[in-house]
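Just below is one structure, and these are the notes that go with it.
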Amino acid sequence: MEENQENNQKKFSRKRRDLLKAMASLPVLGAFAYGLTSKRSHDNSLKQNISEELKLSSASPVKEIKSMPKGEKLRLGIIGYGGRGNHLVRSAGFASPEWIDRLMEAKNLDPKDTRYDEYMELEDLNVELTAVCDVFDIRAAGALAASANIHRQGTSGKMGKEAIRYKSYQELINSKTVDAVIIATPDHLHAPMAIAAAKAGIHVYVEKCMTRTLEETYELAEIVKNSGIIFQLGHQGRQTESYLKAKEIIDKDILGKISLIEVCTNRNDPNGAWQYEIHKDASQQTIDWDLFTGDGLKRPFSLERFFRWRCWWDYGTGLSGDLLTHEYDAINQVLQLGIPESVVASGGVYFYKDGREVPDVWQAVLEYPSRDLTMLYSATLSSNRNRGKVIMGHDASLEIGENLNVFADTESTRYKEKIQAGIIDPRIPIFSYIPGRKKMDAVTTATEAYFAGRGLLYTYINGKRVDTTFLHIREWIEGIRSGKQPSCDIEQGFQEAVTAHMATLAYREGIRVYWDAAKKAVVKGEPVPVS
Amino acid sequence: MVLQGKMKFIRYFIFFPLLALIGSCLPDKSGKNIDYFELAGYTQGTSYHIIMGMEKFLDLRLAIDSILHEIDQSLSVYDSLSVISRFNRNEPGLVPDRFFLDVLEKSLEIMKKTDGAFDITAAPLINFWGFGTQISERKDTTKIKNILKYVGISKIDLSGGVPLKSSDEVIINLNAIAQGYTVDEISRFLEKNDIHNYLVEIGGEVRAKGKNRDSEKWIIGIDNPVRESGGDNNIETTIRLSGQSVSTSGNYRKFYVENGIRYGHTIDPRTGYPARNSLLSATVIAPDCTTADALATACMVLGYEKSLEMLKSFPGVEAFFICSGENNTTQVFRTSGFDKYLDLAE
């Protein structure tokens, strides 16, 4: 080790001498900007333009949220009050009193715990929760309690009027007591519910995956487009500052020709592998099993299937519909790739041998030959290694996490001279963006510099932490009031669902699956014969 | 900044500084366009950033790199051949360089004015207490008395122009002032090159002059010592500087709890024992960074109330204190003139 260090020192000293010679030939301008503007090298206003062109400012890409015009009170319904439904309804302003209690207690223990204050400060969206539907009695009761909590109180607080509980989703939709509905049930019910709502002219917010099958996807897209309702697919990643900044970087063509995108899912805990808790009071008496399974799926009662539905093809599509969709949407937001021209996939149940059908280790390769690039999705539910998302260009790579980092490639053509001159070091990011940093020139600290990882649930608007689920719901409600479709509309939903289902199909049948863009149809490739 | 306890031997790489054009501000009063460049790299076991506004581009990377290198050769206790290491080893015929003499002189001055709360001879004490050791394990009063024989302002004499130790066992460590000094030295170099809009930051010690590229006073965040990284901003508040320096010293994650109150691991060089005060971090604004750095350390030893007293003998110096209270609370205190630096745009 000592020897290496000495060698490095020697190399370094020599490098310094060589550089002294090279220094004289460096352009007078900031060298970093040089390569990017070669096409404008004869422009006299070069200096000013470089600054503007390069100006990858550290300013937040998100503008101040203007407060919405109040409008009329919107009547919301919730179908499916499980883990996700809970969060969505809370973001709309209806939290369970017990949840508020917990936050208040946390604040008492540590006044610096700002979650209670942040929740109380969440803008009032002027909505009321008038209808709830859940086949599990306990959850339905929870939804009712939340619906009455219009003042965001704890269990000892003053409550308002409770919603009405409907046994079936059809009853809720036909009740004429809702203007808009949030659907957070297992995937197999998404399409029937959303279709029914759209036909009844009720606006829809549905969780990903939009549908369970390809057929449902076509049908739903058609009906939603014709209905004129405001539709939002549940992807709060859309509201994350990092992605908006990433788009800025891509648009400025800093990476050069992009040919590979790597996105991953890494988890290593039972909850992450969908072994959700089975409620102690769950039974045939408290769960309407027939309503849960929906039309045509008659199965013996199973608590496992009810709570851990993601593990079976009957109700979901595993990694494809649950997690590939998130990654796909993030990249689609930044690169607008659309549906891949072909997909292959493979994997298996390699770790969670608990009787599940869907793979827990799974890879899918999405090809875009007309864009000359591939998107690779790699997932395992039994390793927590941090891989993150990377967009790889010939000249630089963009790592997208909660922070963004752009690293020049050691073999970059565009940055070659700068790298050789030591102006760009491929080990140090040429651009970093840390959302949440209120605009600052420096930080005085006694600790070492570090990039804090932040949870997926929050983003920052001008330095203030805001719940992204709230932003996404808010965008939907704003759309309902203004008539403008939100960011994750039916077209985005369609592309994503088709992509996910192509991958599922490719896996289940062991074939390559193609997308015929002209015919808007999925085409199955032949399995490769072994001669 | 003071580094308590055993220091890991950090092998840092001398990355050639990274330079980038980061933007231009609007033309100044004389109608000249100033471009802003940022230099980044590693030195003294930490990272540094230098933001400079220049009308005419000057590539100062090599020069700045050289200055940093020279300072290491003078003040780094991790370099066995540095001036300070040889001084500590009592090598005969040692010729101290100007950095060493400069820092020593400033250190002694501040040692005197803080009554020993800031003390460059305290290293043996800090090593004795160690890092993360249980306080109760270290009640050996005899050992501490013995170490104290070599600690204190009387142990270094600079009156003859040549630094002398009262005895061979005296060891000095300049980590609590060196970064601030380096910031000042780099700043002086920039000014010599006619750069009057700059921000120099090394390991959290900052000196700022002129305006930033938005033509405003430089905006600096003060780190929040208590909140861990779990989804939080970690910035307590922000200040605006132009023509001052700021330094922060803190106990951030190293503390022990007794009777519900958090105590830091800052060792009081005067007693030889951990300073029993509730200060979690002290941020000092001063006309220069050497002073800011040393005083921030002194404040951690003195605690909030005595710091206020001590700072009266330093005109132009303001401070911001974050103290721990009962039940995991924190309280913030400021000197009377601190508020003029607060960034009220927040």
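Protein sequence lines, in the order shown, are assigned to chains A and B. Just so we're on the same page, our numbering is the position in the first sequence counted from 1, plus 115. Just so we're on the same page, our numbering is the position in the second sequence counted from 1, plus 1403. Positions of the beta carbon are idealized from the N, C-alpha and C atoms, including for glycine.
Subject >> Three-state secondary structure (DSSP) of Thr619 of chain A >> reply: helix
**OP:** Give the secondary structure of Tyr1451 of chain B by DSSP, where H, G and I count as helix, E and B as strand, and everything else as coil.
**Re:** strand
Subject >> Any 3 or more C-beta pairs closer than 8 Å across the stretch 1697-1704 of chain B and the stretch 1513-1520 of chain B >> reply: yes
Subject >> Cβ neighbours of Ala221 of chain A in the same chain (closer than 8 Å, five flanking residues each side left out) >> reply: Here the set comprises Asp228, Arg230, Tyr231.
**OP:** Take every Cβ of the stretch 344-364 of chain A, pair it with every Cβ of the stretch 463-472 of chain A, and state whether three or more of those distances are shorter than 8 Å.
**Re:** no
Original post:
DSSP on Met1514 of chain B, reduced to helix/strand/coil?
Top reply: DSSP places Met1514 of chain B in the helix class (H, G or I) of the three-state scheme.
Original post:
What residues from chain A crowd round Val1649 of chain B, counting only those whose CB sits closer than 7 Å?
Top reply: Thr559
Original post:
Near Asp1571 of chain B, what residues of its chain come up, given a Cβ to Cβ distance below 6 Å and the 5 sequence neighbours on each side ignored?
Top reply: The beta carbon of Asp1571 of chain B is closer than 6 Å to those of Asn1493 in its chain, skipping five residues each way along the sequence.
Original post:
What residues in the stretch 1590-1618 of chain B bring their beta carbon closer than 8 Å to a beta carbon of chain A?
Top reply: Of all residues in the stretch 1590-1618 of chain B, Leu1602, Glu1604, Gly1606, Gly1607, Glu1608, Val1609, Ala1611, Asn1615 have a Cβ within less than 8 Å of some Cβ in chain A.
Original post:
Does the Cβ of Gln124 of chain A have 16 or more other Cβ atoms within 10 Å, making it buried, or fewer, making it exposed?
Top reply: Bear in mind that the predicted position of Gln124 of chain A carries a pLDDT of just 41, short of 50, making it unreliable; the figure below should be weighed with that in mind. Looking at its Cβ environment, which holds fewer than 16 other Cβ atoms inside 10 Å, Gln124 of chain A is exposed.
Subject >> Which residues DSSP lists as bridging Ile1623 of chain B, in chain order >> reply: A:Ala557, B:Ile1642
Subject >> Ile1625 of chain B versus Ile1454 of chain B - alpha carbon distance >> reply: 18 Å
Original post:
So, is the C-beta of Trp317 of chain A closer than 8 Å to a C-beta in chain B?
Top reply: The question names Trp, yet the displayed sequence has Ile at residue 317 of chain A. No, its Cβ sits nowhere closer than 8 Å to a Cβ of chain B.
**OP:** Please determine if the stretch 1442-1456 of chain B and the stretch 1595-1615 of chain B are in contact, where contact requires at least 3 C-beta pairs separated by less than 8 Å.
**Re:** yes
Original post:
Which residues of chain B have a Cβ atom closer than 7 Å to the Cβ of Met617 of chain A, listed in chain order?
Top reply: Chain B residues near Met617 of chain A: none, gap ~35 Å exceeds 7 Å.
Subject >> DSSP three-state assignment for Val247 of chain A, whether helix, strand or coil >> reply: strand
Original post:
How about Met138 of chain A: is its C-beta nearer than 8 Å to some C-beta of chain B?
Top reply: Model confidence at Met138 of chain A stands at a pLDDT of 31, short of 50, so the residue's coordinates are unreliable; what they give is reported in the following sentence. Among the CB atoms of chain B, one or more fall inside 8 Å of the CB of Met138 of chain A.
Original post:
Under the rule that 16 or more other beta-carbon atoms within 10 Å means buried, what is Gln400 of chain A, buried or exposed?
Top reply: exposed
Original post:
In chain order, what residues of the stretch 458-478 of chain A put their CB closer than 9 Å to some CB of chain B?
Top reply: Of all residues in the stretch 458-478 of chain A, none has a C-beta nearer than 9 Å to a C-beta of chain B.
**OP:** State yes or no: is the C-beta of Thr559 of chain A within less than 8 Å of the C-beta of Asn381 of chain A?
**Re:** Not in contact: Thr559 of chain A and Asn381 of chain A (Cβ atoms no closer than 8 Å).
Subject >> Proximal chain A residues relative to Trp1532 of chain B, where beta-carbon distance stays under 8 Å >> reply: What Trp1532 of chain B touches in chain A: nothing, since even the nearest Cβ is about 18 Å away.
Subject >> the ligand ATP heavy atom lying under 7 Å from the CB of Gly1564 of chain B >> reply: As presented, the structure is devoid of all ligands, the ligand ATP included, so that no description of it is given.
**OP:** Find the nearest neighbour of Asn289 of chain A within the set A:Ile265, A:Tyr234, A:Ala312, judged by alpha-carbon distance.
**Re:** A:Ala312
Original post:
What are the uninterrupted segments assigned as alpha helix (DSSP H) that are 4 or more residues long and contained completely in the stretch 371-408 of chain A, given in chain order?
Top reply: 404-408
Subject >> Cβ separation of Ile279 of chain A and Thr245 of chain A, assumed to be a contact under 8 Å, to the nearest whole Å >> reply: 7 Å
**OP:** Note down, in chain order, every chain A residue with its Cβ under 7 Å from the Cβ of Thr1686 of chain B.
**Re:** Thr559
Original post:
Beta-carbon separation of Gly462 of chain A and Val476 of chain A under 8 Å?
Top reply: yes
Subject >> Between the CA atoms of Leu370 of chain A and Ser153 of chain A - distance to the nearest angstrom >> reply: For Ser153 of chain A, the pLDDT reaches just 26, beneath the cut-off of 50, and the residue's location in the model is therefore unreliable, leaving the point undetermined.
Original post:
At a Cβ threshold of 8 Å, is Asp384 of chain A touching chain B?
Top reply: Taking Cβ atoms only, chain B never reaches closer than 8 Å to Asp384 of chain A, which makes this a no.
Original post:
What distance in whole Å lies between the Cβ atoms of Ser1681 of chain B and Ser1652 of chain B, which are believed to be in contact at a cut-off of 8 Å?
Top reply: A Cβ-Cβ separation of about 15 Å leaves Ser1652 of chain B out of contact with Ser1681 of chain B under the 8 Å criterion.
Original post:
Between Ile369 of chain A and chain B, is there a C-beta pair that is closer than 8 Å?
Top reply: no
**OP:** Ignore the nearest five residues each way along the sequence and tell me which others in Pro644 of chain A's own chain have a CB closer than 8 Å to its CB.
**Re:** none
Subject >> Assigned exposure category for Ser1483 of chain B - 16 Cβ within 10 Å defines buried >> reply: exposed
Original post:
Among all the DSSP beta bridges, which residues are the ones paired with Asn520 of chain A?
Top reply: Paired residue(s): A:Glu514, A:Ser547.
Original post:
Rounded to whole angstroms, how far is the Cβ of Val637 of chain A from the Cβ of Leu329 of chain A, which I believe are closer than 8 Å?
Top reply: Right, their Cβ atoms sit about 6 Å apart.
Original post:
In terms of DSSP beta bridges, what is Tyr492 of chain A paired with?
Top reply: A:Val378, A:Ala479
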